[in-house]
Amino acid sequence: MSSVAQVIVGSALTQHALLVIADSSFHEQQADNLRVEYERLRGSYRGHPVIDNDLFDTEVICRIISNMKRGKASGIDGLSVEHSGVFRGGGTGR
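See the structure below:
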């Protein structure tokens, strides 16, 4: 690679790294804002307590999604089984 190309690539990588760092700061600030908002709203929440019967794990959810039939119409929420492809096969929709 020529020295000019190295400078161009190096400059592009530097700019990209600076954008990633700036974006990371933004996301950290957004996460902090969401945490503060959650804590504010949580104090006035009046719902039923979570009990062990309400708990489920990702293995159960993945197994249920894997056993669902594909090619069917979407539900009332507008989502079809194909939308859940991220849970099956790393997003390949297998």
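Note that our numbering numbers the sequence shown so that position 60 is 60, with each residue one more than the last. No residue lacks a Cβ here, since even glycine has one placed at the ideal position from N, Cα and C.
- The C-beta of V81 has 16 or more other C-beta atoms within 10 Å across all chains shown, which makes the residue buried.
- Counting along the chain, the unbroken alpha helix (DSSP H) around V60 starts and ends at T58 to S66.
- 7 angstroms or more divides the Cβ of S84 from the Cβ of I61.
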